[in-house]
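One rule links them: number in our numbering = place in the sequence shown (from 1) + 8.
From the three backbone atoms N, C-alpha and C, an ideal C-beta is built for every residue, glycine too.
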Amino acid sequence: MSGFARRRLLLNQINFFRTRFQPSFGGRMAVSEKEREAEMQTRHTLLQKSKQRGFLELDRLLGSFADSFIWTLSEHQLTQFESLLAMENPQLFSYISGQQPVPAELRSNEVMQLMLSYVNANHPSGRRYV
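Have a look at this one:
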């Protein structure tokens, strides 16, 4: 991981904690330590799953997307991302690469929309891995 990528990841983590874990009354954290650890474990698990799918092109696309956004996704978006990662590799790749149109049920998925815009913006001509 390059120095720039490490700094970006660190800033994403800092911003995540700054916005997510605001102190409540009495100086206690709004989210318990156990909940925070569980959420962090979920984020790390999803990050690893997105980088190690066994499909090189998809590993690169999903891995770079996850590196950029995993620390800023809401709990609802994490669930949506997890459902995307549960899809079969060829099917997911065909949607991301534009080989097939995205089905209606996935068009309402916020993370899918974010991922498509990320791929279009960061991999010109949309799909340099196709």
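DSSP state of Val4 mapped onto helix, strand, coil: What is shown of the chain runs 9 to 138, which leaves residue 4 out entirely.
Here's the rule I'm using: 16 or more other beta-carbon atoms within 10 Å means buried, otherwise exposed. How should Gln60 be labelled? Stepping through the sequence shown from its first residue, residue 60 is reached at position 52. The C-beta of Gln60 has fewer than 16 other C-beta atoms within 10 Å across all chains shown, which makes the residue exposed.
Residue range of the alpha helix (DSSP H) that includes Asn97: Counted from its first residue, the sequence shown places residue 97 at position 89. Here the alpha helix (DSSP H) through Asn97 covers Asn97 to Ile104.
Using the rule of at least 16 other Cβ atoms within 10 Å of the residue's Cβ for burial, across every protein chain shown, is Leu54 buried or exposed? Here residue 54 is taken as the residue at index 46 of the sequence shown, counted from 1. Counting every other CB atom within 10 Å of its CB across the protein chains shown gives Leu54 a total of 16 or more, marking it as buried.
What are the start and end residues of the alpha helix (DSSP H) that includes Leu81? Taking the first residue of the sequence shown as position 1, residue 81 is located at position 73. No alpha helix (DSSP H) contains Leu81, which DSSP labels as neither H nor E.
Cβ of Met120 within 8 Å of Cβ of Leu92? Indexing the sequence shown from 1 puts residue 120 at position 112. Indexing the sequence shown from 1 puts residue 92 at position 84. Going by C-beta atoms, Met120 is nearer than 8 Å to Leu92.
When burial is assigned at 16 or more other CB atoms within 10 Å of the CB, is Ala74 buried or exposed? Stepping through the sequence shown from its first residue, residue 74 is reached at position 66. Buried is the call here.
Could you tell me the alpha carbon to alpha carbon distance between Leu81 and Glu41, rounded to whole angstroms? Counted from its first residue, the sequence shown places residue 81 at position 73. Counted from its first residue, the sequence shown places residue 41 at position 33. Looking at the two C-alpha atoms, the distance is approximately 19 Å.
Mind reading off the beta-carbon distance from Ile78 to Arg44? Whole number of angstroms is fine, and I expect it under 8 Å. Translated into positions along the sequence shown, residue 78 becomes position 70. Translated into positions along the sequence shown, residue 44 becomes position 36. Ile78 to Arg44, Cβ: 15 Å. No contact.
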